Amino acid sequence: GAAAVRLPGSVMPAPDDLEPSAVSVTAQVPADRALREPAP
């Protein structure tokens with residue numbers, strides 16, 4: 001959110017930064033889905 005874009009080197013993504021085919025929308029959180037890029 002707003003706090004993350006205040007970090008040095010952080011930039012708010014623009015619509016052109018998103019790849020619509022890679023986005024999925026669901027009403028349920030898939031708890032068994034592993035994260036691809038875990039936070040350090």
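For the sequence shown, the residue numbers in the working numbering are 1 to 40. Cβ coordinates follow ideal geometry from the N, Cα and C atoms, glycine included. This structure is a prediction, so every number in the text was calculated from the model and none was measured.
Determine the DSSP secondary structure at residue i, reduced to helix, strand or coil.
i	result
Q34	Strictly speaking, residue 34 in this sequence is Ala, with Gln absent from that position. DSSP places A34 in coil when its eight states are reduced to three.
A22	helix
P15	helix
Output the distance between the C-alpha atoms of residue i and residue j, rounded to the nearest integer angstrom.
i	j	result
L35	L18	18 Å
A14	S21	16 Å
P30	M12	26 Å
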